[in-house]
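Engineer: Below are the structure tokens for one structure; questions will follow.
Residue numbers (our numbering), protein chains in the order written: chain A, 1 to 86; chain B, 87 to 425.
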């Protein structure tokens, strides 16, 4: 992993305890044994095994995604973007 | 909770009459072929869609007074196929073939398809203007699917190979409550119905659903039951998830506007968060994964997505058109009009 190109269901590499996958033009999906806490230490309550964290900044249920990225034309690749001018 | 059980509905024409008369007899007494099917518009045909819906229900539920062996009766399956053919042909006429460029990235193509939703703004209307009666009607229509939410797509599980199967199961596991029955989406919908004073029993409103409402469910059941349409059921699920989180937020807002609390809105609020997860898995890992495994079904994935949008648009147009005329969108109103 770490190249950003591995599919989340790819079983060929050792599975880390938590995987974060940016989806094309969409959120970060977080899978595994994770906890999301705010700065005060309060834990985000979720019973979901996989969560979507907002990547476009416009969700109304941040830090979670609510699909708003589709309304604002958010574009971002799954793989890391090259440095400008690189 | 007892297992699913529905009553045979009232027939709406010769096809449903012929089917229902046979179903109360022994499956040994074969059902003959349908006399003739000359429907100008199979998608909204009351008789055809009802007969098809009940034929499919044999796979989902017990029907009172009907021998369960009918489910795999060859004569029933032949009768059902005769109903499926005109419906499938009508859908194929509505949906343009996929373009070659779209097949190169099915995930990106799905994004483009759902961005051009051809339907009227039903969820916005519900959010801002719908009356309580109209909102209840929308829930009653949706109960045709939502009380068996995810079941039609689960038919696809054994037809998929490892990567897309894992993706489908990741979505379905969450749809079915992640191992907790009280979180199951069909159970949340039943809670919403009960909170609205509606009867949450499976199939309770069958007699009130118009043909176009049953067509939205028959479409996905047909895709799910036929292995040859595994691409279409996957595309249907992807597009369903991709067009869910924003409308569900609006439905929840509509209920809050009318004074309903979290016990009623929970189903919708849950879908905002859940489907924001599912849509990515469904589009990229499930649909994209299936296209990578089986390039031959990529075009059918996009067909399933477009077919969903087309049929949902027809259903939404029916609801809004009925309401504009001051009429019920159901076959009979939930509350009888004052004399």
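C-beta: ideal position from N, C-alpha, C; glycine also.
Could you give the distance in angstroms between the alpha-carbon of residue 234(B) and the alpha-carbon of residue 303(B)?
Structural biologist: Rounded to whole angstroms, residue 234(B) to residue 303(B) spans 10 Å at the Cα level.
Engineer: Would you say residue 209(B) lies against chain A (beta-carbon separation less than 9 Å)?
Structural biologist: no
Engineer: At a CB-CB cut-off below 8 Å, which residues of chain B make contact with residue 61(A)?
Structural biologist: Neighbours of residue 61(A) on chain B, chain order: 358 and 359.
Engineer: Give me the residue from 392(B), 363(B), 402(B) and 332(B) with the minimum Cα distance to residue 478(B).
Structural biologist: Because chain B in this structure spans residues 87 to 425, residue 478(B) falls outside the shown range and cannot be described.
Engineer: Suppose you measure from the CA of residue 60(A) to the CA of residue 377(B); what does that come to, to the nearest Å?
Structural biologist: 33 Å
Engineer: Can you name the residues of chain B whose CB is closer than 9 Å to the CB of residue 49(A)?
Structural biologist: 256, 259, 260 and 264
Engineer: Measuring only the C-alpha atoms, how far is residue 252(B) from residue 97(B)?
Structural biologist: Between residue 252(B) and residue 97(B), the C-alpha separation is close to 41 Å.
Engineer: Could you check if residue 102(B) is buried or exposed, using at least 16 other CB atoms within 10 Å of its CB as the buried criterion?
Structural biologist: buried
Engineer: With a cut-off of 9 Å, does the C-beta of residue 186(B) fall near any C-beta of chain A?
Structural biologist: no
Engineer: Under 9 Å between C-beta atoms, does residue 67(A) make it to chain B?
Structural biologist: yes
Engineer: At what residues does the beta strand (DSSP E) containing residue 278(B) begin and finish?
Structural biologist: Premise fails: residue 278(B) lies in the alpha helix (DSSP H), 271 to 281, not in any beta strand (DSSP E).
Engineer: Taking Cβ positions, are residue 371(B) and residue 315(B) nearer each other than 9 Å?
Structural biologist: no
Engineer: Can you tell me whether residue 135(B) is buried or exposed? The criterion is at least 16 other CB atoms within 10 Å of its CB, across all chains shown.
Structural biologist: buried
Engineer: Only counting the same chain, and skipping five residues up and downstream in sequence, which positions put a Cβ closer than 6 Å to that of residue 108(B)?
Structural biologist: 117
Engineer: Answer with buried or exposed for residue 409(B), where buried requires no fewer than 16 other C-beta atoms within 10 angstroms of its C-beta.
Structural biologist: Around the CB of residue 409(B), 16 or more other CB atoms lie within 10 Å, so the residue is classed as buried.
Engineer: Do the stretch 341 to 360 of chain B and the stretch 239 to 247 of chain B touch if we need at least three Cβ pairs shorter than 8 Å?
Structural biologist: no
Engineer: Let me know if residue 33(A) comes out buried or exposed under the rule of 16 or more other beta-carbons within 10 Å of its beta-carbon.
Structural biologist: So residue 33(A) counts as exposed.
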